[in-house]
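Student: If you scroll down you'll find the structure; I have some questions about it.
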Amino acid sequence: MEDQKMASRVFTRLTTKDSALLVCDLQEKFRQTIIKFPEVVTVAARLVAAATTLEMPIIGTEQYPKGLGHLVPELNLPEKTPIFDKTKFSMCIPPVEQLLSPTPKSVILCGIEAHVCVLQTTLDLLEKGITVHVVADATSSRSAVDRAFAFKQMEKAGAILTTSECVILGLCGGADHPKFKQIQKIIMESAPDTGISLSHI
């Protein structure tokens, strides 16, 4: 019975009505230390653009912004995007949990660091029964080893490892979506290489 519950959770299909985008700690101070930081931000910005176009909830967090700075402007977050400070590694802090109520079926998660804040957020969300789609090409760490093992841990815990284009097109569901042409413009150019291959996962 437990295995059936896990299977139904893992294979939950993304929909715009039941999903939210969480952007974790893509802050100024990490520019020089995170693997492929500019490329990861570019991919995350595509997710933001798609979520904005599809009128989906977007939530951002900043880990100790007094010392690490704010989310980078290249993300082009909508002006009224709720962004919360935190010192806890997980994004599952009270104001975020409040915005996620009633609980969405799925969360699309991207950001840094894969082995710390993204991993802890994933575990917390999974414990709440929320399907977590971790966007691998929009998630990174300072160390390639930490990044690779974080993906392994998250997948083993029940998260879905995916890519930005897979998520964006999955949310549309087909070329007959009323906003497909707008979405098509977002993915017209291939996403930049963020240093991920199947050997890393």
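If you count the sequence shown from 1, position 194 lands on 184 in this note's numbering, and the numbers rise without skipping.
Glycine residues also receive a C-beta, built at the ideal position from the N, C-alpha and C atoms.
Classify residue 130 as helix, strand or coil using the three-state DSSP reduction.
Tutor: Your numbering for residue 130 matches position 140 in the sequence shown. Here residue 130 sits in strand by DSSP.
Student: Which runs of the beta strand (DSSP E) fall wholly inside the stretch 21 to 84 and span at least 3 residues, in chain order?
Tutor: Listed in chain order, the complete beta strand (DSSP E) runs (minimum 3 residues) inside the stretch 21 to 84 are 48 to 53, 73 to 76.
Student: Give the single residue among 157, 184, 179, 181 whose Cα lies nearest to the Cα of residue 2.
Tutor: As a position in the sequence shown, residue 2 is number 12, starting the count at 1. Comparing Cα positions, the closest option is 157.
Student: Please report the residue range of the beta strand (DSSP E) in which residue 151 lies.
Tutor: What you label residue 151 is simply residue 161 of the sequence shown in a count that begins at 1. From DSSP, the beta strand (DSSP E) with residue 151 extends over 150 to 152.
Student: Nearest by alpha-carbon distance to residue 82: which of 151, 66, 110 is it?
Tutor: Within the sequence shown, numbered from 1, the residue matching residue 82 stands at position 92. Of the listed residues, the one whose Cα sits closest to residue 82 is 110.
Student: Among 170, 182, 55, 183, which has the Cα closest to the Cα of residue 40?
Tutor: By one-based count along the sequence shown, residue 40 stands at place 50. The candidate whose alpha carbon is nearest that of residue 40 is 170.
Student: Would you list the residues sitting across from residue 99 in a DSSP beta bridge?
Tutor: Against the sequence shown, residue 99 aligns to sequence position 109. Partner(s): 12, 124.
Student: Where does residue 21 land, buried or exposed, given buried means 16+ other C-beta within 10 angstroms?
Tutor: Taking the sequence shown and counting its residues from 1, the one referred to as residue 21 is at position 31. Flag for residue 21 reads exposed.
Student: What number of angstroms, rounded off, separates the C-alpha of residue 48 from the C-alpha of residue 11?
Tutor: Position 58 of the sequence shown, counted from the first residue, corresponds to residue 48. Position 21 of the sequence shown, counted from the first residue, corresponds to residue 11. When rounded, the distance between both Cα atoms is 5 Å.
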